[in-house]
Each structure stands twice: as structure tokens, then as C-alpha cells.
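In the working numbering, the protein residues as written are 543 to 784.
The beta carbon of each residue, even a glycine, is placed where N, CA and C say it ideally should be.
Below you'll find the structure, written out as C-alpha cells, and then a few comments.
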């Protein structure tokens with residue numbers, strides 16, 4: 543676009559400036575920063591949380607849009623299904639005999655991009671980086687072999703687990719980039735159930751849950767949610783799909 547052309551220098555404050563060095567395929571910009579100070583500290587001080595387009599107010603408390611178990615830096619958004627879990631709730635879940643495992647997927651801004659292609663097969667998915675440790679993979683594989691349900695918290699966890707599982711249904715301890723696009727007709731290799739929020743229409747995330755639960759079932763759930771005045775999207779209510 544006309545805003546931020548390649549070569550433009552942007553002054554953020556007297557400690558931080560950036561030069562636009564390239565455009566991304568979907569309208570983003572790649573910026574090379576010059577920083578007078580510790581880059582992470584400056585970013586934390588002057589940066590703003592990237593919020594979905596339907597949240598219009600700034601977050602004064604950045605931890606409000608973060609899960610209690612967040613660890614690695616790099617994601618453009620929080621896995622919002624995880625916002626429901628407090629340390630106390632996680633302890634109650636563990637007390638029931640549920641094992642908790644953690645994986646990483648750095649959500650890209652493309653997750654908010656609607657599907658505009660005439661057919662979903664023509665939609666080009668954005669690429670995201672994921673990590674599954676070998677220890678986590680071993681424990682999840684053992685649980686699967688023992689007939690236990692693998693319940694993902696959030697579509698980020700689904701995309702990570704399905705990307706890292708081979709065609710034999712074995713989760714690999716790997717990291718890498720994934721462009722996985724899950725829509726109706728997809729055969730799930732690892733997950734059995736999902737905790738997720740209500741998603742934007744025309745989103746790839748809505749297609750993912752339709753692949754798991756069936757389109758009609760999902761529409762019925764959304765109709766019920768509208769009727770009962772559930773809260774939608776990032777700070778909204780969650781549903782359990784199996």
C-alpha cells in the first residue's frame with residue numbers, strides 16, 4: 543500500500559527507529575530496527591499489544607490478554623481458549639487425574655484474515671512456527687496408546703498437534719513452520735476433543751471446528767449461543783467439542 547513504502551524510516555522514539563525493508567504477501571511490512579538500548583525492554587515499554595480488530599480499547603494491563611501458562615515470546619496473539627484457565631482451575635483439573643502438556647505455536651496476524659477465496663481450497667494459509675518437545679510427544683503418545691482422550695485447548699494447540707503428528711498417528715518431537723489448513727473433510731490424526739471460543743464468521747478457525755464437529759452441529763451451537771446471549775470472540779465464552 544501507500545502507507546509505509548519500502549525504504550521509509552520510522553522514528554518510534556529517540557531510542558528506536560526502523561527501516562521498512564520489504565512487504566509481505568498479505569500487506570504486512572518487514573522492518574529492520576535500530577535500537578539505542580535493550581531491544582526487548584524498549585519494545586515492552588513503548589509497544590502496544592496487537593489486538594483483534596473488534597477490540598477497540600487499549601489494554602492498560604497487558605497480562606489481561608495472556609494465558610497464565612504463557613512462556614515463549616513470539617506470538618502475535620494469545621490462544622484465547624487458554625484465557626479461561628486460572629492456576630486454581632488448572633490445579634482442580636490435575637486433581638481429577640488429567641495430565642497437562644504444553645506445546646508452542648506462534649500465532650501469526652494472518653489468523654484474523656478472513657477467507658475471501660471463492661473456494662476454501664484456494665485460500666492460502668499463513669505460516670506459523672511451532673514447537674513440540676520430545677518429552678511432551680512421548681507422554682502424549684503414551685496417553686493415546688492407553689486410550690485416553692487428547693483434548694486440545696484452543697485451535698493453536700490443534701494446529702500444532704496435527705502438524706507434528708505423522709500419518710501413522712504418532713506425535714513427533716519436532717519444531718518448524720506449518721501452513722496447515724484444517725477444514726471439513728480433514729481426518730484428525732491426534733486430537734479427540736477441543737476447548738475453544740466462538741470464532742469470527744468466514745475465519746479459518748470456524749472451518750477448523752466445523753471439521754471436528756460437523757457444520758450443522760456447529761451452526762446449532764452458535765444459534766444456541768446467540769439465543770442465550772453468550773459472549774463471542776477473544777474475551778468470550780468457551781465451548782467443549784468432542
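- Here residue 736 is actually not in contact with residue 698; their C-beta atoms are around 11 Å apart, not less than 8 Å.
- In this chain, the alpha helix (DSSP H) harbouring residue 759 covers 757-769.
- DSSP, reduced to helix, strand and coil, places residue 635 within a helical segment of the structure shown.
- Look at residue 560 here: in three-state DSSP terms it is strand.
- With 16 or more other Cβ atoms from the protein chains shown falling within 10 Å of its own Cβ, residue 740 counts as buried.
- Where residue 739 is concerned, there is no enclosing alpha helix (DSSP H), although the beta strand (DSSP E) around it starts and stops at 735-739.
- Fewer than three Cβ pairs drawn from the region 711-720 and the region 749-760 lie within less than 8 Å of each other, which leaves the two stretches out of contact.
- Residue 715 sits close to residue 675, with the two beta carbons spaced by under 8 Å.
- By the C-beta density criterion, residue 672 is buried, having at least 16 other C-beta atoms within 10 angstroms.
- The beta carbons of residue 651 and residue 589 sit no closer together than 8 Å.
- Per DSSP, reduced to three states, the secondary structure at residue 700 is helical.
- With a threshold of 16 other beta carbon atoms within 10 Å, residue 549 falls short and is exposed.
- Shown here, residue 727 sits in coil according to DSSP, grouped into three states, outside any helix or strand.
- Here residue 711 is exposed. Its C-beta has fewer than 16 other C-beta atoms within 10 Å.
- A distance of 8 Å or more separates the beta carbons of residue 568 and residue 575.
- Scanning 686, 761, 767 and 769 for the CA closest to the CA of residue 731 turns up 686.
- Under the three-state reduction of DSSP, residue 581 is assigned to helix.
- In this structure, the alpha-carbon of residue 726 lies about 50 Å from that of residue 556.
- Going by DSSP, residue 628 is part of no beta strand (DSSP E) at all; its letter is neither H nor E.
- Taking a C-beta distance under 8 Å as the contact criterion, residue 696 and residue 746 do not qualify as a contact pair.
- Only residues of its own chain outside the window of five on either side were considered, and among them 781 have a CB closer than 7 Å to the CB of residue 763, listed in chain order.
- Counted as a single uninterrupted DSSP element, the beta strand (DSSP E) harbouring residue 646 occupies residues 646-648.
- Boundaries of the alpha helix (DSSP H) harbouring residue 679: 676-687, taken from the DSSP string.
- Residue 645 places its beta carbon 8 Å or farther from that of residue 629.
- When rounded, the separation of the alpha-carbon atoms in residue 758 and residue 680 is 35 Å.
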